[in-house]
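S.K.:
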Amino acid sequence: MSQSSMQAAVWYAAKDLRVEQVSVPSMSDPHEVKVKVAACGICGSDLHEYAAGPIFIPVGKPHPISGEQAPIIMGHEFAGEVVEVGEKVTRVKVGDRVAIEPILSPNKDGAYQMERYNLTPLLGFHGLSGGGGGFSEFTVMGEHMVHKLPDDLSFEQGALVEPAAVALHAVRQSCLKAGDSAVVFGAGPIGLMTIEALKAAGAAQIYAVEVAPSRKAKAEALGAIVVDPQQEDAVTKLQALSGGGVDVAFEVTGIPDVLNQALHSTHEGGEVVVVSIWEGEASFQPNDLVIKERTMKGIIAYRHVYPAVMALMQRGYFRAEDMVTQRIPLADIVEEGFEALLNDKAQVKIIVTPNH
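Each residue of the sequence shown is one higher than the last, beginning at 1 in full-length UniProt numbering.
1. For the 8 Å Cβ check, are there 3 or more pairs between the region 133-152 and the region 77-94?
2. Please report the distance separating the alpha-carbon of Met1 from that of His169.
3. Between the region 238-249 and the region 194-210, do at least 3 Cβ pairs fall closer than 8 Å?
4. Enumerated in chain order, which unbroken segments of the alpha helix (DSSP H) with a length of 4 residues or greater are wholly contained in the region 31-90?
5. Going by beta carbon distance, what residues of the same chain come within less than 8 Å of Ser129, once the five residues before and after it are set aside?
6. Where does Phe318 sit, in a helix, a strand or coil, going by DSSP?
7. Taking three-plus beta-carbon pairs below 8 Å as touching, is the region 85-100 in contact with the region 28-38?
8. Going by C-alpha to C-alpha distance, which of Arg18, Pro25, Gly41, Tyr12 sits closest to Ile328?
9. I need the straight-line Cα distance from Thr236 to Asn287, nearest angstrom please.
10. Which whole-angstrom value is the C-beta distance of Leu153 and Gln314, which I expect to be below 8 Å?
11. Do Ala221 and Leu198 come within 7 Å of each other at the CB atom, strictly closer than that value?
12. Do Ile190 and Val252 have their CB atoms nearer than 7 Å?
13. Looking at the secondary structure, which residues open and close the alpha helix (DSSP H) in which residue 359 lies?
14. Is Ala167 helix, strand or coil by DSSP?
15. Would you list, in sequence order, the uninterrupted alpha helix (DSSP H) runs of no fewer than 4 residues that lie entirely inside the region 199-273?
16. If you draw a straight line from the alpha carbon of Asp257 to that of Phe185, how long is it in whole angstroms?
17. With a cut-off of 8 Å, do at least 3 Cβ pairs link the region 144-152 to the region 105-124?
18. How many Å lie between Leu330 and Pro354 at the Cα?
19. Can you give the Cα-Cα distance for Ser214 and Gln173, rounded to whole angstroms?
20. Please list, in chain order, all residues of the same chain as Glu49 whose beta carbon is under 8 Å from its beta carbon, the five residues on each side excluded.
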């Protein structure tokens, strides 16, 4: 007998996330897949929505692709098992283990319609913009959003594919070449994943700028040289360590002052990649770009990169044991998950398991 109701974490408003019983979603399209969620990570953007949202959550009018508005089920970094497939699904079958690519972008017949599908003006995320989410026992999505998980990767590893994809996309979009030097500002989950992606790309020196002791330790354990801006001037130190500036700086904090530090930490002709989502404006002196012929570029999410992330995971990159600091049941998500992340910088990635 299939169950009709399930537990889910539903966002009503900032600081109002409720774990409640909702109906199990059903499939309405022949290209859809129903997944039993095994593991779902809490992301920095989830935290922003909880603390100060809505940002990506549609309020007042439905999201054009999901057709839903708040209250919505959260959770977009997840993996699980396929329990039902539409009659036209070809990518996966019942019983397959899958990692979810949660991007909502125009799609047809089980495929994204745009080559650069993350750049649609309609961009949304499954688990942020309606349509269901990973903080629930079951969820339904189009087959273009599921990727078969290799047998040697755990569900927990599968839940890390999404944040790792952000990091890998950032590094692949940068000008970094094997043997180059790079600095990562902010060693939270995405910053730590960026260090891993830089290692995979062959960066010879990797620096990390971070103040939280536990995150400094993690960055160091992953092979980065750590600079603490509370103890010394980060730019001066980086310029000295790298012999005149790094090739590429990655900004992963969303703090206006840090954007300037990232800019000044690169050498003439260097590049700054802005990975953060910003809550407000940031200023910089354009001459710092112009006179040194530097480049600054932004990236959003990822595209066409899940298979590469999983292949790197099979080679030992982006390991769950390096990233996951806590595992909790869905029932405890507010106190042990969101509140813990807001109040305890020792936490890096918390994984939620909906189905006990």
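All residues carry an ideal CB built from backbone N, CA and C; glycine is no exception.
M.R.: Quick answer:
1. yes
2. Confidence at Met1 is low in this model, with a pLDDT of 45, below 50, so the placement of that residue should be treated as unreliable; the coordinate-derived value is given next. Met1 and His169: Cα-Cα distance of roughly 42 Å.
3. yes
4. 44-52
5. Phe56, Ile57, Pro58, His63, Ile65, Ser66, Glu68, Ile72, Leu104
6. coil
7. yes
8. Gly41
9. 19 Å
10. 7 Å
11. no
12. yes
13. This structure does not reach residue 359, given that the chain is present from 1 up to 356, and the question cannot be answered.
14. helix
15. 213-221, 234-241, 256-264
16. 11 Å
17. yes
18. 5 Å
19. 29 Å
20. Trp11, Ala14, Ile55, Phe56, Ile57, Met74, Leu128
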